[in-house]
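Report on one structure; see the data block that follows.
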Amino acid sequence: MRIRPRRALAAALTGIALVLSTTACVPDRDDIPADYITFFGGEPQNPLLTTNTNEINGGEVLRAIYTGLVAYTPEGEPYNAVAEEIEPSRDSSSFHVTLKDGWTFTNGEPVTSASFIDAWNYGATSANAQLAADFFSAIEGYEDVSGEDATATEMSGLTEINDREFTIDLSAPDASFPTQLGYTAFSPLPQVAFDDMATFGDHPIGNGPYMLDGDDAWQHNVSIQLKVNPEYAGENKAKNPGIAFKHYSDVATAYADLQSGGLDHMRENVGPRAMPTYRLDFPDSNDDAPYAAIQNFTIPENLPGFQTDEEGRLRRAAISMAIDRELIIDKLYFGGRKIAEDFGAPTLEGGIADVPGKEVLTFQPEKARELWEQANEIRPYSGDPFQIAYNADGGHQQWVEGATNSIRQVLDIEASGKAYPTFQAMRDAVVNRTIGSAFRSGWNADYPSISSFLVSNYRTGGGSNDGDYSNEQFDDLLAQASEAPDSTTAQPFYDRAQAVLMEDLPQIPLWYYAATTAWAPDLHGVETNWQGMPVYTEITKDGE
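So this is what it looks like as structure tokens:
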């Protein structure tokens, strides 16, 4: 008797949810000051450089210790921070920036025009191999510093007028450019950084509301401790004396630490094991707010059978339609996720786009089998197992196994998860292009716009385009969107660009995130921001 796939998958998911590893490492130092507020975290992939960090563990530290020209309210509204004024030209192809007076780095250096210009030039120059280099691609002269054989190290579009004024010339008009300037890649750097960038990455000096708490603040694979910056010139001054990110090898262990009083806040996620009970465990200190993030997995362009040709498109669509997203959400997240309908997030301006072709993101087992057979008629499948790589320290094993179980049962192929012990180990394999399989990805918006999802992840050469996707039509539509005078005019171009993605499926969208999180009852002023993260500066603790 053939077992019905959905019934079999439901049983498998129940088993996955119940049988979870309890062997994990707890941070082995306990020297964090008692009045600091502690958060779940993990070891950053790279040294803490603003232009070389595109993952969440390092990113959250950088957001706490740097402030850029622009910042965002908890709701995602941009406002001038270090900038006193960002004045556009008539066609938004050039911007005149004036800095506020009184901003300094925590080593006493003043924040000047050069602090921004030098940092951006460093980030863009190809010789420095920075992961966020693509964020500077709109600036005139980027091509001169970013090419493989480039010898220039300064973009012609950045001109210093004096210590508090500089201009930014773009290679094409972009009215949305100032909104992007709150992303950490656009942060200023002190001149001392350029003396030894490798050393600086382990001991970064910023201008944000927090600063590293001493020379040994970053205990690798243990914690990163930040104290209040007493000279911070911004509006969002910290109401607590400091925060610390504790590095766990497993999210379930972190949750157990929260329950026992060893951790104050789970950051954005309690993990699958706690999903059934976290509201009961912490009835007055939990949240499930949606935010600007999506869960997906990437199928690299060089994966045999999945290249961007007719065979590859058929197989990608079949894989997507073979995944029962609703069942996984119900069994693992107890309804705490929403099935993805596009490549962005519903909390962005304009909500979910009505993208042509989005039916490919629905569970259609018969159609999936039909498409897979059509691909086999073009070229028989190799028979290699379809694997989705994931980091075992982030609570991803359960949904990966749920997705691959669904794929296996619907398409009758071998499919499984591929575990890496840590986030850093998996990201290294992704960045070095040695992963050799599909891999879990996902994206938190860097700035509040659909372009944060589309440009970074899918534009040719994008800094987070880890699958090496390239489509000229898609790139052209993004260029037209950026030249639009406002977001309303740009939206149709973004919608058409997403329609291209629905055909090519460089990533398989699964569901939109919600900040299913919990915190200790003795915390006050807890709020989740538009990126799903705590507003660190607002939180206080009993006894401070």
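Counting with mature numbering (1 follows the signal peptide of the UniProt record, and there is no 0), you get residues -24 to -1, 1 to 520 for the letters of the sequence shown.
Even for Gly, the Cβ is constructed at its ideal location relative to N, Cα and C.
As the structure is a prediction and not an experimental result, all values here were calculated from the model.
- Judged by beta-carbon spacing, Asp189 lies within the 8 Å limit of Gly218, meaning their Cβ atoms are closer than that value.
- Between the alpha carbons of Glu317 and Tyr267 lies a distance of about 15 Å.
- Around the Cβ of Asn278, a 10 Å sphere holds fewer than 16 other Cβ atoms; the residue is exposed.
- For Trp495, there is no enclosing beta strand (DSSP E), since its DSSP letter is neither H nor E.
- For Ser89, the enclosing alpha helix (DSSP H) has its first and last residue at 89 to 100.
- A distance below 7 Å between beta-carbons, with the five flanking residues on each side excluded, links Val376 to the following residues of its chain, in chain order: Ile364, Tyr366, Gly393, Arg416.
- Secondary structure of Gln21 (DSSP, three-state): coil.
- Minimum Cα-Cα distance from Asn205 among the listed residues Gln195, Tyr224, Pro185 corresponds to Pro185.
- When C-alpha distances from Gly34 are compared across Gly18, Thr43, Glu349, Ala47, the shortest belongs to Gly18.
- When rounded, the separation of the alpha-carbon atoms in Ala414 and Asp404 is 14 Å.
- Asn104 sits in a helix when the DSSP states are folded into three classes.
- Of the residues assessed, Asn408 falls on the exposed side of the cut-off, its CB having fewer than 16 other CB atoms within 10 angstroms.
- According to the DSSP assignment, Thr229 belongs to no beta strand (DSSP E) but to the alpha helix (DSSP H) extending over 227 to 236.
- Annotation for Pro468: the continuous alpha helix (DSSP H) segment containing it runs 463 to 480.
- Three or more beta-carbon pairs separated by less than 8 Å are not found between the region 40 to 49 and the region 244 to 251, which leaves the two stretches without contact.
- In the same chain as Ile275, and ignoring 5 residues on each side of it, the C-beta atoms closer than 8 Å to its own belong to Phe282, Arg292, Ile295, Ala414, Gly443, Leu481, Pro482, Gln483, Ile484, in chain order.
- Going by DSSP, Lys307 is part of no beta strand (DSSP E) but of the alpha helix (DSSP H) stretching over 301 to 309.
- Our two residues, Asn104 and Ala174, have alpha carbons roughly 11 Å apart in a direct line.
- Residue pairing of Gln483 in beta bridges, as defined by DSSP: Thr274.
- For Gly123, the closest C-alpha among the options Pro468, Val246, Asp192, Gln106 is that of Gln106.
- Judged by DSSP in its simplified three-state form, Asp264 adopts strand.
- For the pair Ser152 and Ser458, the Cα-to-Cα distance works out to about 7 Å.
- As summarised for the region 13 to 83, the continuous beta strand (DSSP E) elements at least 3 residues long and confined to that stretch are 13 to 17, 46 to 48, 54 to 56, 59 to 64, 70 to 75, given in chain order.
- Glu349 and Leu387 have their C-alpha atoms spaced approximately 9 Å apart.
- With respect to the C-alpha of Ile426, the residue from Leu134, Lys334, Ile270, Ile62 having the closest C-alpha is Ile270.
- Ranking Trp419, Asp226, Tyr55, Glu130 by CA distance to the CA of Ala368 puts Asp226 first.
- For Pro341, same chain residues with a beta-carbon under 6 Å away, outside a window of 5 residues either side, are Val386 in chain order.
- Linking Phe258 to Gly84 through their CA atoms gives a straight-line distance of about 42 Å.
- With contacts defined by Cβ atoms closer than 8 Å, Leu499 and Ala473 do not form a contacting pair.
- A direct Cα-Cα distance of roughly 14 Å separates Thr410 from Ala395.
- Per the coordinates, the alpha-carbon of Val246 lies some 14 Å from the alpha-carbon of Gln374.
- Sequence-distant partners of Arg435 (beyond 5 residues in either direction) whose C-beta falls short of 7 Å from its own C-beta, in its chain, are Asn441, Asp451, Leu454.
- Taking each of His223, Val511, Tyr208, Asn212 in turn and checking the Cα distance to Trp194, the smallest one comes out for His223.
- Assigned with DSSP and collapsed to three states, Leu499 falls in strand.
- When only Cα atoms are considered, Leu25 and Ala161 end up about 9 Å apart.
- For Thr513, same chain residues with a beta-carbon under 6 Å away, outside a window of 5 residues either side, are Pro185, Asn212, Ala214 in chain order.
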